[in-house]
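This report concerns only the one structure given below.
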Amino acid sequence: MSTEVYIAGAAMTAFGRHADRSMQDLAMSAVSDALKDAGIATGDIQAIYAANVYGGMVLGQVLMRDLGITGPALYNVENACASGATAVHLARQALQLGLYETVVVFGVEALTQLGGGTIPLQRNDYKTELYAGHGMTLPTVYAMRGSRYLHERNETPALLAQIAVKNRAHGARNPLAQQRSEVTLEEVLQSRPVAEPLTLLQCCPSAVDGAAALVLTTRRPENHGRPVRILASAIQSGHQELGCDDILDAEITARTARLAYEQSGVDPKDVGVVELHDAFTIAELLYYEALQLARPGEGAALLRSGATALGGRVPVNPSGGLLAKGHPLGATGVAQMVEVVWQLQNRAEGRQIDNLRIGLTQCTGGGIAGMDHAASAVHILGV
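According to the numbering used here, the sequence shown is numbered sequentially starting from 629.
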């Protein structure tokens, strides 16, 4: 029988522009709050997993130094947008192997320091100039997927806009979300064009700072009354796409999800809440099918039915998702799990989903030329 791994503490800062707070302030706040949530002292920590993309070398040690957490093994983890989820995956492995009993995982990013605009491309990819030189940035890649989806499914741009309306409505209920205002379908469609058919309100904000942290342990926690277990943790990298490929096939996410379902023994129909990587509206629609929330070709019907909104059968992104909560890269995968933990423990005030037993998080990372994504992570949590 495998060792159970529990999430004993979960915390995050508000996501947004933090001109008055350093990355160190954000990380220390999230970690301190997670330790307090778990009822664990700094001396109980045996290892730290620090996820970040743009912070530089040995960032974890720098950020934890003034918090007084020095000495334990510390692993700095970078895997693009999937960095935080990858850090959780590695921490869980170490706990199951018996290397540690209690560890901290945190993710942090300060994207406002980059000055805004699109996130810098992967500079060490020898094909970057070939693609970017012709305008192939992430927004354009997803715009191509959106255009193809609308064409093949005989839909209109209003379908994509419904995702933004839903997730902004969820974000309005989350005090830690960057965007806390509801929007109408017309406002989404009439917002500034980015890459047809995507408009500004259909793309996640790129100027955002924030941190999130988890305490993982093999000791059954007594706090909050509903111990949350990590039932599955799966990470995969992308295959190189040779020749013509189906840009609507989220292959890496579908493959990772299958591994997670097999690992946990959970049936997709039993998942009660999902936090997924909605960097662009079209992504959420594609992931409905890749995660087996809807059968192939039925993602639009699932959205229209209201099943993925709060009050529906399987609410997706009750936190507001990347579109509303924000997307500070290294923190995103951890923050997704914070939301699911709070939901499973009935602590998501203002947006609580009733009678939850199983939750799922999904995070992809890295736009590499000739590949779907560089990385994909799927976690299944349960009480």
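The C-beta atom is built at its ideal place from N, Cα and C for all residues, glycine as well.
Just so you know, these numbers come straight off a predicted model, no measurement behind them.
Tell whether a beta-carbon distance below 8 Å holds between LEU859 and VAL894.
yes
Between which two residues does the beta strand (DSSP E) harbouring GLU967 extend?
Not the beta strand (DSSP E): GLU967 falls in the alpha helix (DSSP H), residues 957 to 972.
Candidates ASP694, GLY637, GLN864: closest to MET656 by CA position
Ranked by Cα distance from MET656, the first of ASP694, GLY637, GLN864 is ASP694.
So the beta strand (DSSP E) PRO617 belongs to, where does it begin and stop?
The requested residue 617 is not part of the displayed model; the chain covers only 629 to 1011.
For PHE734, which residues does DSSP report across the bridge?
ALA678, ALA841
Nearest-angstrom Cβ-Cβ length linking LEU691 and ARG776, presumed shorter than 8 Å
42 Å between Cβ atoms; not a contact.
Which residue comes first and which comes last in the beta strand (DSSP E) that contains HIS1007?
1003 to 1010
Whole alpha helix (DSSP H) runs in the stretch 885 to 952 with 4 or more residues, listed along the chain?
The stretch 885 to 952 contains these whole alpha helix (DSSP H) runs: 909 to 918, 927 to 932, 949 to 952.
Rounded to a whole number of angstroms, what is the C-alpha to C-alpha distance between SER630 and GLN724?
Rounded to whole angstroms, SER630 to GLN724 spans 7 Å at the Cα level.
Quick check on PRO943: buried or exposed, where buried means 16 or more other Cβ atoms within 10 Å of its Cβ?
buried
Report the option in ALA878, VAL686, PRO700 whose CA atom is closest to the CA atom of GLN652.
VAL686
Supposed contact pair GLN806 and GLY954 - C-beta distance, whole angstroms, cut 8 Å
4 Å
Whole-number beta carbon distance between ILE635 and VAL969, since they are thought to touch under 8 Å:
5 Å
Pick helix, strand or coil for VAL659, following the three-state DSSP scheme.
In this structure, DSSP gives VAL659 a helical state, which the three-state scheme calls helix.
Let me know the secondary structure DSSP gives THR881 once reduced to three states.
helix
Could you please give the first and the last residue of the uninterrupted alpha helix (DSSP H) stretch that includes GLY688?
687 to 693
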